[in-house]
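Engineer: The structure follows.
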Amino acid sequence: MPFADIYARYYNLLYKDKDYPAEFRYLNAIISLSAASANSILDLGCGTGKHLRCFQDAGYNVAGVDVSAAMLAAAQEQLGEGVDLINAKISEFYTDKKFNVITSLFHVMSYQADTAELAKVLANVAEHLADGGLFIFDFWYGPAVLTDLPAVRIKRLADEEIKITRITEPVMRYNENIVEVNFELLIEPKTGGGA
Ligand SMILES: C[S@@+](CC[C@H](N)C(=O)[O-])C[C@H]1O[C@@H](n2cnc3c(N)ncnc32)[C@H](O)[C@@H]1O
Numbered sequence: 800m801p802f803a804d805i806y807a808r809y810y811n812l813l814y815k816d817k818d819y820p821a822e823f824r825y826l827n828a829i830i831s832l833s834a835a836s837a838n839s840i841l842d843l844g845c846g847t848g849k850h851l852r853c854f855q856d857a858g859y860n861v862a863g864v865d866v867s868a869a870m871l872a873a874a875q876e877q878l879g880e881g882v883d884l885i886n887a888k889i890s891e892f893y894t895d896k897k898f899n900v901i902t903s904l905f906h907v908m909s910y911q912a913d914t915a916e917l918a919k920v921l922a923n924v925a926e927h928l929a930d931g932g933l934f935i936f937d938f939w940y941g942p943a944v945l946t947d948l949p950a951v952r953i954k955r956l957a958d959e960e961i962k963i964t965r966i967t968e969p970v971m972r973y974n975e976n977i978v979e980v981n982f983e984l985l986i987e988p989k990t991g992g993g994a
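Residue numbers for the sequence shown follow this note's numbering, beginning at 800 and rising by one.
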């Protein structure tokens with residue numbers, strides 16, 4: 800599902816506490832176990848390019864795919880010109896390049912809630928991996944979700960100019976094995992008053 804422009808605009812602020820460098824170190828440790836000479840990475844659902852920036856700083860050739868043009872615009876700013884950023888669904892993108900490592904992080908795979916769509920994503924990954932390459936992804940693990948049920952949450956954040964209140968309301972669609980996650984954002988100038 801594409802991220803709305805408004806969500807993309809405030810994404811980095813909403814996740815400012817997410818420790819991308821620590822996640823990069825963890826990923827790099829996994830990669831060095833079996834693909835120590837890896838030098839190229841494609842990130843599926845790359846968002847604003849925070850993981851890719853860590854890989855770029857470590858000397859990788861980086862590329863990303865995202866269905867949201869607004870998220871990719873932020874990634875372009877993060878990564879500079881000359882980086883391949885493909886605006887497409889991860890089930891449908893195509894590039895003639897192959898990669899040592901493909902990642903899909905922060906539950907992007909969980910957005911592929913349709914089995915046929917998920918199969919298309921995996922086939923596309925296989926097509927773009929170099930021989931011996933690695934595909935690393937995370938996802939919401941069903942039994943854990945059912946044990947620790949998603950709940951309504953409120954998150955408050957601010958920068959120099961604005962305050963954001965984000966209300967997250969999950970809806971469990973048990974029979975379809977789907978959690979629908981609805982966000983409501985309230986954005987106010989820091990000096991007071993609503994927006
Ligand atoms: C929670 S964000 C994660 C962004 C980034 N991976 C990170 O860790 O910050 C999910 C991203 O996946 C993208 N996305 C979700 N489903 C997608 C799909 N089917 N094809 C391409 N991008 C997708 C969204 O547009 C969004 O940028």
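Even glycine gets a Cβ: it sits at the ideal position worked out from N, Cα and C.
Any idea what DSSP makes of residue 820, helix, strand or coil?
Structural biologist: For the purposes of this step, residue 820 is taken as residue 21 along the sequence shown, with counting starting at 1. Looking at residue 820 - three-state DSSP - the assignment turns out to be helix.
Engineer: Could you tell me which of 935, 974 and 854 sits nearest to residue 902, measuring between CA atoms?
Structural biologist: The residue labelled residue 902 in the question sits at position 103 within the sequence shown. Of 935, 974 and 854, the residue nearest in Cα terms is 935.
Engineer: For residue 890, which of helix, strand or coil comes out of DSSP?
Structural biologist: Taking the sequence shown and counting its residues from 1, the one referred to as residue 890 is at position 91. In this structure, residue 890 counts as coil in the three-state DSSP scheme.
Engineer: For residue 916, which option in 889, 822 and 977 has the closest C-alpha, if you only look at C-alpha atoms?
Structural biologist: Reading the sequence shown from its first residue, position 117 is the one you call residue 916. The shortest Cα separation from residue 916 among 889, 822 and 977 belongs to 889.
Engineer: Restricting to runs no shorter than 3 residues, where is the beta strand (DSSP E) found entirely within the region 922-949?
Structural biologist: 928-936
Engineer: Let me have the residue list for ligand 1: C-beta closer than 5 Å to any non-hydrogen atom, ordered along the chain.
Structural biologist: 802, 844, 846, 865, 866, 867, 870, 888, 889, 904, 905, 907 and 910
Engineer: From residue 974 to residue 858, what does the alpha carbon distance come to, in whole angstroms?
Structural biologist: Counting from one through the sequence shown, the residue named residue 974 turns up at place 175. Counting from one through the sequence shown, the residue named residue 858 turns up at place 59. Roughly 45 Å separates the two Cα atoms.
Engineer: Which value, in whole angstroms, describes the spacing of the CA atoms of residue 977 and residue 912?
Structural biologist: Mapped onto the sequence shown, residue 977 falls at position 178. Mapped onto the sequence shown, residue 912 falls at position 113. Approximately 7 Å, taken between the alpha carbons.
Engineer: Based on Cα-Cα distance, which residue from 863, 827, 970 and 954 lies nearest to residue 986?
Structural biologist: Walking along the sequence shown from the start, residue 986 turns up at place 187. Nearest of 863, 827, 970 and 954 to residue 986, Cα basis: 954.
Engineer: May I ask which residues mark the beginning and end of the alpha helix (DSSP H) holding residue 1053?
Structural biologist: Shown here, the chain extends from 800 to 994; a query on residue 1053 therefore has no answer.
Engineer: Can you tell which of 827, 940, 909 and 943 has the C-alpha that lies nearest to the C-alpha of residue 837?
Structural biologist: By one-based count along the sequence shown, residue 837 stands at place 38. The option with the nearest alpha carbon to residue 837 is 827.
Engineer: What did DSSP end up calling residue 849 once you bin it into helix, strand or coil?
Structural biologist: Position 50 of the sequence shown holds residue 849. Helix, per DSSP.
Engineer: In angstroms, rounded to a whole number, what distance separates the CA positions of residue 870 and residue 846?
Structural biologist: Along the sequence shown, read from residue 1 onward, the residue named residue 870 stands at position 71. Along the sequence shown, read from residue 1 onward, the residue named residue 846 stands at position 47. Going by the C-alpha atoms only, they are around 5 Å apart.
Engineer: Please classify residue 970 as buried or exposed, where buried requires at least 16 other C-beta atoms within 10 Å of its C-beta.
Structural biologist: As a working mapping, residue 970 is identified with position 171 in the sequence shown. Answer is exposed; the Cβ neighbour count stays below 16.
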